[in-house]
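Using the numbering used here, read the sequence shown as starting at 350 and increasing by one per residue.
Think of the CB as a built atom: it goes at the ideal place given N, C-alpha and C, for glycine as much as any other residue.
First the structure, in the form of structure tokens, and then the observations on it.
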Amino acid sequence: MKVFRIVFSILIIVSTYFFVSNSKNNPQPNDKEDKIVKEVVKAIDPISKLQSSVFVPYWIVGRIDQNSFDGYTRLYYFGITVNDDGIDKADQGYISLPSFSQKTQGKVTILTLRLLDDETNDRILTSETYRSTIMNEVADAAQQYGFSGVAIDLETNVLTIEDQSDIITSFYQKSCKELADRNLSCTPVIYGDTIYRKRPYNLKAISKISERVIIMAYDFHKSRGEPGPNFPLHGKEKYGYDFETMANDMTTLIEPSKLTIAFGMFGYDWTLGKQGLPLKQATARTLNDINTMFYPCDYEKCTIARDTLSAETYITYQDPEGYVHDVWFEDQDSEAKKVDLLKQQGVGDIVYWAFGYY
350 MKVFRIVFSI LIIVSTYFFV SNSKNNPQPN DKEDKIVKEV VKAIDPISKL
400 QSSVFVPYWI VGRIDQNSFD GYTRLYYFGI TVNDDGIDKA DQGYISLPSF
450 SQKTQGKVTI LTLRLLDDET NDRILTSETY RSTIMNEVAD AAQQYGFSGV
500 AIDLETNVLT IEDQSDIITS FYQKSCKELA DRNLSCTPVI YGDTIYRKRP
550 YNLKAISKIS ERVIIMAYDF HKSRGEPGPN FPLHGKEKYG YDFETMANDM
600 TTLIEPSKLT IAFGMFGYDW TLGKQGLPLK QATARTLNDI NTMFYPCDYE
650 KCTIARDTLS AETYITYQDP EGYVHDVWFE DQDSEAKKVD LLKQQGVGDI
700 VYWAFGYY
């Protein structure tokens with residue numbers, strides 16, 4: 350009997366040890382942890398509904414009418430620009446405002462501010478008086494012509510100012526607040542290769558002060574560089590970066606519901622030398638131009654193929670002067686594959702560059 354009691358006691362001790370040990374190694378989820386897990390899952394839930402918008406360049410306003418934009422969520426008018434004194438009212442983008450406004454009545458329209466010159470951008474980022482004047486005049490134009498917001502396309506390449514990231518963030522903070530005070534939305538337009546090329550944009554901070562952020566998912570291979578896809582779906586190992594990585598980067602830094610991904614419905618045509626390198630800056634070709642030029646393709650040594658890695662179409666041909674050309678471009682098929690990836694990331698808002706290109 351005594352032996353039995355000893356054995357029984359040992360069994361209880363051993364069982365208790367393993368139970369406690371197992372509990373420590375496999376703790377039960379508490380309410381807080383469960384809530385976090387659910388929030389994470391909710392944040393990356395795939396979506397099925399897609400909203401499509403389009404940029405409308407000022408140079409095609411004469412060819413549009415009120416029936417041109419059925420099915421688009423927003424129309425981004427591109428756009429107005431600046432001179433030394435403020436908004437450039439002699440620029441065709443400003444001159445075409447009344448016509449665009451009249452032809453898009455009843456549509457949700459956004460006015461794009463084109464800031465594409467490095468010298469001008471240096472000034473707007475360092476002169477508070479100049480910046481304030483521009484934003485006040487932009488807001489005036491937006492309200493006068495019935496726009497619901499402003500998209501700020503600040504494209505910087507080589508800035509001479511120090512602390513660029515902080516200054517750019519401050520520019521957006523002040524500008525977006527001033528637009529909000531006028532009941533206008535504020536949408537920064539940002540390069541798709543910002544993370545890869547370490548551009549001075551604090552995406553997380555910028556997204557917190559804006560209604561949404563447009564990411565330009567095109568022009569990864571530049572017209573002055575070597576041939577390659579507009580923005581490859583996959584192929585980070587080959588190209589250094591790709592659309593899939595970009596989508597992961599952006600949804601990590603910016604709420605997916607705030608993201609609008611811009612697709613460029615165009616490509617570049619590079620003229621190559623004997624070494625296979627570009628002889629000059631590539632020619633930009635719209636998707637409509639490409640369809641006219643190459644379908645059918647009557648050039649010498651013309652081949653057309655879908656690149657499985659990038660999902661984009663690749664064309665080689667020889668021109669009448671004997672030069673070989675490489676053409677890469679986005680089309681509806683490559684765009685559809687990228688949209689499927691975006692939906693899995695919880696992003697359901699896209700915009701096309703540009704109306705009249707496809």
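What are the boundary residues of the beta strand (DSSP E) that isoleucine 664 is part of? 662-667
Counting Cβ pairs, one atom from each stretch, are 3 or more of them under 8 Å apart for the region 629-643 and the region 564-583? yes
Counting only the same chain and skipping the five closest in sequence on each side, list residues whose C-beta sits under 6 Å from that of threonine 594. Lys585
Nearest residue (CA-CA) to methionine 565, options Ala488, Leu399, Ala554 and Ala596: Ala596
Beta-carbon proximity check, threonine 635 vs methionine 614, cutoff 9 Å: yes
Determine, for glycine 622, whether the minimum Cβ-Cβ distance to residues of chain C falls below 9 Å. In the structure shown, chain C does not exist; there is a single protein chain.
Keeping to the same chain, check which residues put their C-beta closer than 8 Å to that of glutamate 527; ignore five residues upstream and five downstream. Ser481, Met484, Asn485 and Ala488
Just checking my contact of valine 676 with aspartate 618 at CB under 8 Å: how many whole Å lie between their CB atoms? 5 Å
Just to confirm before moving on: does the CB-CB distance between isoleucine 305 and threonine 536 stay below 9 Å? Nothing in the structure corresponds to residue 305, since the chain is present only between 350 and 707.
May I ask you to report which of helix, strand or coil DSSP gives methionine 484? helix
Across which residues does DSSP place aspartate 489 in a beta bridge pair? DSSP lists no partner for aspartate 489.
With a threshold of 16 other CB atoms inside 10 Å of the CB of threonine 505, please say whether the residue is buried or exposed. buried
Have a look at tryptophan 408 and phenylalanine 427 and give me their C-alpha separation to the nearest angstrom. 9 Å
Proximity of phenylalanine 612 and tyrosine 540 at Cβ, strictly below 9 Å: no
Measuring alpha carbon to alpha carbon, tell me which residue in Glu679, Thr478 and Phe449 is nearest asparagine 416. Phe449
Distance check for serine 476 and aspartate 512, CA to CA, integer angstroms please. 15 Å
Can you tell me which residues form a DSSP beta bridge with alanine 633? Tyr617
So, for glycine 622: in the same chain, excluding its five sequence neighbours on each side, which residues have a beta-carbon less than 6 Å away from its beta-carbon? Leu628
With aspartate 591 and leucine 602 assumed to form a contact (beta carbons below 8 Å), what rounded beta-carbon distance in angstroms separates them? No, aspartate 591 and leucine 602 are not in contact; Cβ-Cβ is about 17 Å, not under 8 Å.
In the DSSP assignment, find the unbroken alpha helix (DSSP H) run with glycine 442 in it and report its ends. 441-444
Under the DSSP definition of a beta bridge, which residues are partnered with leucine 424? Val403 and Thr458
Could you tell me the distance, in whole angstroms, from the CA atom of serine 519 to the CA atom of glutamine 441? 30 Å
Does DSSP put serine 534 in a helix, a strand or coil? strand
Using three-state DSSP, classify cysteine 651 as helix, strand or coil. strand
Tell me which same chain residues have a C-beta within less than 7 Å of the C-beta of asparagine 379, skipping the five on either side of it? Confidence is the limiting factor: at asparagine 379 the pLDDT is only 40, short of 50, which leaves the residue's position unreliable, though a coordinate-based value still follows. Excluding residues within five positions, none has a Cβ falling inside 7 Å.
Nearest-angstrom Cα separation, counted from threonine 652 out to glutamine 667: 10 Å
Tell me the DSSP bridge mates of leucine 464? Leu503
Expressed to the nearest angstrom, what Euclidean distance is found between the alpha-carbon atoms of lysine 587 and glycine 577? 11 Å
Isoleucine 564 - containing alpha helix (DSSP H), residue span: Not the alpha helix (DSSP H): isoleucine 564 falls in the beta strand (DSSP E), residues 562-565.
Cβ-Cβ separation, threonine 665 to glycine 674 (assumed contact under 8 Å), whole Å: The question names glycine, but residue 674 in the sequence shown is histidine. Confirmed, Cβ separation roughly 7 Å.
Using the C-alpha atoms, what's the distance from threonine 620 back to glutamate 649? 14 Å
Identify whether leucine 608 lies in helix, strand or coil by the three-state DSSP scheme. strand
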